[in-house]
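For the protein sequence lines, the chains are A and B, in the order given. Sequential numbering of the first sequence, starting at 1, is according to this note's numbering. Sequential numbering of the second sequence, starting at 1, is according to this note's numbering.
Number of protein chains: 2
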Amino acid sequence: MKAYKALTKEELVQLKGELEKAYADVKGKGLKLDMSRGKPAATQLDMTMDIMDVFDSSSELKTEGGMDCRNYGQVDGIPEAKKLMGDMIGVPAENVIVCGNASLTIMYDTISRSMTHGVLGSTPWCKLDKVKFLCPVPGYDRHFGITEHFGIEMINIPMTSDGPDMDMVEKYVSEDPAVKGIWCVPKYSNPQGVTYSDETVKRFAALKPAAEDFRIFWDNAYAVHHLYEEEQDSLLEILSECKKAGNPDMVYEFCSTSKVSFAGSGIAAVASSEKNLEWFRKSMTIQTIGYDKINQLRHVKYFKNAQGVAAHMKKHADLLRPKFEAVLNVLEEELGGLEIGSWIKPRGGYFVCFEAMEGCAAQIIEKCKEAGVILTKAGAPYPYGKDPKDSVIRIAPSFPTPEEMAQATDLFVLCVKLVSVQKLLEACA
Amino acid sequence: MKAYKALTKEELVQLKGELEKAYADVKGKGLKLDMSRGKPAATQLDMTMDIMDVFDSSSELKTEGGMDCRNYGQVDGIPEAKKLMGDMIGVPAENVIVCGNASLTIMYDTISRSMTHGVLGSTPWCKLDKVKFLCPVPGYDRHFGITEHFGIEMINIPMTSDGPDMDMVEKYVSEDPAVKGIWCVPKYSNPQGVTYSDETVKRFAALKPAAEDFRIFWDNAYAVHHLYEEEQDSLLEILSECKKAGNPDMVYEFCSTSKVSFAGSGIAAVASSEKNLEWFRKSMTIQTIGYDKINQLRHVKYFKNAQGVAAHMKKHADLLRPKFEAVLNVLEEELGGLEIGSWIKPRGGYFVCFEAMEGCAAQIIEKCKEAGVILTKAGAPYPYGKDPKDSVIRIAPSFPTPEEMAQATDLFVLCVKLVSVQKLLEACA
């Protein structure tokens, strides 16, 4: 295929006419597809339905230690759930607190607590003139939503194929005491699918923060969410790296079974140093008498251990892979060589990230919407919803079927072409 | 029985000797009982075990409207759970948000949100020099724990048999703009079992707060927790009263099924005006993608409606009543007429509140503990754990068996007598 920028004005005008006709045809089909959120499909959720058989009215809802899971108590989670979640991310059970159904809530509560009570006795952030967070971009919109909600200033850090630009991270963290945290999705990152390299993790662990209450918010959301059995990314375990580097308290790690069991009814956990967890417990003891321990026990009985989780995730992968490949194939076939966009083939996670020509993303998304395909809002992967180059588009293949994904991606590439041609023609004018 | 204060010094000395001997005997028995927390007994939790049969792997986990409860979404709860919880407290479903497993967490989050974001756009409380809460006493220690945790100054308001002293409440609320809230357990109050009179509720609804962001925290924890079928307290519905009085936004009402289904795995809700709920949702949308909807649906399928809840609570009452009566009978038989303590016979809720002679509570609790019976810590029902008269003791009969309760109360009355005699002798000296 010939790159669009190598086309003459006349060729572009002709192409534009053809694309407009094709777009009008697709529009007539009345598509109605949603690729906006990383939601599991019903068929994927069906794979966990056996978990509903784990307990019945004759079950003894007790932990191995004899605790009655039906009653109040055990604010930081049952021991066996700590072990299960710890094993999923390679962290000892004693460094884990298991909470309710969403790691997002733990992250929100962690920021909220830092605002009102500080971090290990530091000045509460709400008493400071300025609090800043580093935000590797593109990133996860709900992370940025939390920091924005609390009036925390967000600073974009570009992502590379090894993770965030660590030169920039080191500079900000070591020089500016107002920088209190950084949002990371270190494995199969949202939305690019990038896994941080060992060197990146080591540089994170070795940070020398200007602020004593600086913390890495390590959202290991896709720890076990591989797409291919043979080509799995691996991630250095950050807690032990931080410990080795003399920064044992510098990281909070989050994980959940939201995309392992049920998106709305999983269990979530935070892992950190004993000192940090003790600080968490001080507030948690005021906030709750205990999270839902029956659901914690249900997950333990169902998955049994990390091997059980891995076996389950293989089934998910078999379902998800064709959806991802449907997208990637169409992208490759239709856009390969045109030089009007780029993308990374992810080995896990929930997204394909498409980078369009500068200034094109919002229009592409709008065109897709007009023809019935909903994509994540333009700018969503950036703080304040502002993509400075207006070029990044997050595609979430998990919810539709592979056939629907192929259909939706056909429309998508058509819109990419159309908007790109218009852009190039504008440049000619 | 002759009142202790009518005894001569010699009679008191002799009595003291007898009581000390009896105490030494009981101590030798090696009792080990816990009456400290309002925890349901295992037999009570067993009554809800059928809820574990509501779903199995073949269930369709959908709402009537077709929403898949397994997936993300519906941040404020499924419609049928809103209706169930609303019916329990006499509030329309549209005024209800259903959350996770604990109303305590909703209350904590509500205060936390007010600290960081204010109330309907008011100045965040963390930016104010002083925030105060009114605390009817004796009250619930976990309420006071929340306000203490956030550095909110707590002001004691004495309870009467009709509810809090409303003259004081009106004065504080209308005169001091730093007073931002009041903790209430309006029905079968913790720990006294008092239900607010209609006049009290109306006076609450008609408050004229100096602070625009003053709110009543109406913890209707025992809305359906009657002990007797024939003698049930009833409580005026506060939301509609506030609306009638022109204060539609002044109250947040909380409730849960913690003491209906499972203490650790129930569902909890908050009810308020549409304006307040909209404000809640603004933060909730950032904090979570949705609470555990499967557990919400499980509760709806199990209880069906408010009648189902009421029928279930009748079974609880049959189990709890003998425990309460065991306590009340011993108190009456052993302490009636001695004038060394008083108590109210509750018609619902989870506690019996004993008022000892001034300066005796801590010692009575200590003596009980020495002989193997754990009571709620002295001072717990007061802000900062400080009972100004050192006289209130909260007894929680729900966890032990009736026989154990009788045994424990035997020890309790013995300790009351012993400490009271000592006190009276000190007064003679």
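Every residue gets a Cβ at the ideal spot worked out from N, C-alpha and C, and that includes glycine.
Within-9 Å CB hit, residue i to chain A
| i | result |
| --- | --- |
| P400 of chain B | no |
| K127 of chain B | yes |
| Q69 of chain B | The identity of residue 69 of chain B in the sequence shown is Cys, whereas the question assumes Gln. Yes, because at least one Cβ of chain A sits closer than 9 Å to the Cβ of C69 of chain B. |
| S36 of chain B | no |
| N101 of chain B | yes |
| L12 of chain B | no |
| P209 of chain B | no |
| P92 of chain B | no |
Span of the beta strand (DSSP E), counted from its first residue to its last, around residue i
| i | result |
| --- | --- |
| N397 of chain A | Looking at the sequence shown, residue 397 of chain A is not Asn but Pro. Taken as a continuous stretch (DSSP letters only), P397 of chain A belongs to no beta strand (DSSP E), as it is neither H nor E. |
| Y291 of chain B | That residue, Y291 of chain B, is in no beta strand (DSSP E); it is neither H nor E in DSSP. |
| P136 of chain A | 132–137 |
| Y382 of chain A | Counting along the chain, Y382 of chain A falls outside any beta strand (DSSP E), and DSSP gives it neither H nor E. |
| L375 of chain B | 373–375 |
| A269 of chain B | 268–271 |
Boundaries (first-last residue) of the alpha helix (DSSP H) holding residue i
| i | result |
| --- | --- |
| C368 of chain A | 361–370 |
| L239 of chain A | 238–244 |
| N329 of chain A | 306–335 |
| Y172 of chain B | 166–175 |
| R203 of chain A | 198–205 |
| I106 of chain A | 103–117 |
| G77 of chain B | Careful: G77 of chain B lies outside any alpha helix (DSSP H) and carries neither H nor E. |
| I430 of chain A | What is shown of chain A runs 1 to 429, which leaves residue 430 of chain A out entirely. |
| A24 of chain B | 9–28 |
| L45 of chain A | 42–46 |
Residue i versus residue j - alpha carbon distance
| i | j | result |
| --- | --- | --- |
| E325 of chain A | Q363 of chain A | 25 Å |
| L320 of chain B | S398 of chain B | 6 Å |
| I267 of chain A | R203 of chain A | 30 Å |
| P158 of chain A | E355 of chain A | 13 Å |
| S420 of chain B | I340 of chain B | 7 Å |
| Q232 of chain B | K259 of chain B | 17 Å |
| W343 of chain B | A211 of chain B | 36 Å |
| P381 of chain B | H143 of chain B | 10 Å |
| F439 of chain A | E334 of chain B | Outside the shown range of chain A, which is 1 to 429, sits residue 439 of chain A, and nothing can be said about it. |
| A263 of chain A | C242 of chain B | 38 Å |
| Y222 of chain B | V416 of chain A | 59 Å |
| V96 of chain B | D46 of chain B | 29 Å |
| V413 of chain B | I374 of chain B | 14 Å |
| E153 of chain A | D129 of chain A | 11 Å |
| A102 of chain B | T110 of chain B | 13 Å |
Test: residue i CB closer than 9 Å to a CB of chain B
| i | result |
| --- | --- |
| F55 of chain A | yes |
| N220 of chain A | no |
| I51 of chain A | yes |
| G77 of chain A | no |
| P124 of chain A | yes |
| I286 of chain A | yes |
| C43 of chain A | Before going on, a small fix: residue 43 of chain A reads as Thr here, not Cys. Not closer than 9 Å to any Cβ of chain B, the Cβ of T43 of chain A fails to qualify, so no. |
| H316 of chain A | no |
| S58 of chain A | yes |
| L33 of chain A | no |
| D109 of chain A | yes |
| L104 of chain A | yes |
| I157 of chain A | no |
Cβ of residue i within 9 Å of any chain C Cβ
| i | result |
| --- | --- |
| M313 of chain A | Judged by its chain identifiers, the structure shown contains no chain C, and its protein chains are A and B. |
Determine contact between the segment 168–185 of chain A and the segment 211–229 of chain A, defined as no fewer than three beta-carbon pairs at a distance below 8 Å. Flag = yes, the segment 168–185 of chain A and the segment 211–229 of chain A touch.
Contact between the segment 75–95 of chain A and the segment 285–299 of chain A is defined here as three or more beta-carbon pairs at a separation below 8 Å; is this criterion met? Taking 8 Å as the limit for Cβ pairs, the verdict is that the segment 285–299 of chain A does touch the segment 75–95 of chain A.
Taking one C-beta from the segment 11–21 of chain B and one from the segment 34–43 of chain A each time, how about it: are there three or more such pairs within less than 8 Å? Result no; under three Cβ-Cβ pairs closer than 8 Å.
If you pair each beta-carbon of the segment 68–80 of chain B with each one of the segment 280–294 of chain B, do three or more pairs fall below 8 Å? Segments in contact, yes.
Beta carbons nearer than 8 Å to chain B: which residues of the segment 377–408 of chain A have them? Flagged: no residues at all.
Chain B contacts from the segment 272–283 of chain A (Cβ-Cβ distance under 8 Å): Identification of residues in the segment 272–283 of chain A having a C-beta nearer than 8 Å to some C-beta of chain B yields S283, given in sequence order.
Could you say if the segment 131–148 of chain A and the segment 297–314 of chain A meet the contact criterion of at least three C-beta pairs nearer than 8 Å? Output reads no: the segment 297–314 of chain A does not touch the segment 131–148 of chain A.
Proximal residues, the segment 237–266 of chain B versus chain A, C-beta separation under 7 Å: Listed by position, the residues of the segment 237–266 of chain B near chain A (Cβ gap below 7 Å) are F262, A263, G264, S265.
Within 8 Å of chain A by C-beta, residues of the segment 291–304 of chain B in sequence order: Residues Y291, D292, K293, I294, N295.
Given a limit of 7 Å on CB to CB distance, which residues of the segment 135–150 of chain A reach chain B? Those residues of the segment 135–150 of chain A that come within reach of chain B (Cβ to Cβ, closer than 7 Å) are G145, I146, H149, F150.
Chain-ordered residues of the segment 174–199 of chain A with a beta carbon less than 9 Å from chain B: Of all residues in the segment 174–199 of chain A, none is placed with a Cβ closer than 9 Å to any Cβ belonging to chain B.
Residues of the segment 348–370 of chain B with Cβ closer than 8 Å to any Cβ of chain A, in chain order: Listed by position along the chain: nothing, the set is empty.
Touching by the beta-carbon criterion (3+ pairs, under 8 Å), the segment 22–41 of chain A and the segment 47–61 of chain B: Contact between the segment 22–41 of chain A and the segment 47–61 of chain B is not established, with fewer than three Cβ pairs separated by less than 8 Å.
Taking contact to mean at least 3 C-beta pairs separated by less than 8 Å, is the segment 187–207 of chain A in contact with the segment 225–239 of chain A? The answer is yes - the segment 225–239 of chain A touches the segment 187–207 of chain A, with three or more Cβ pairs under 8 Å.
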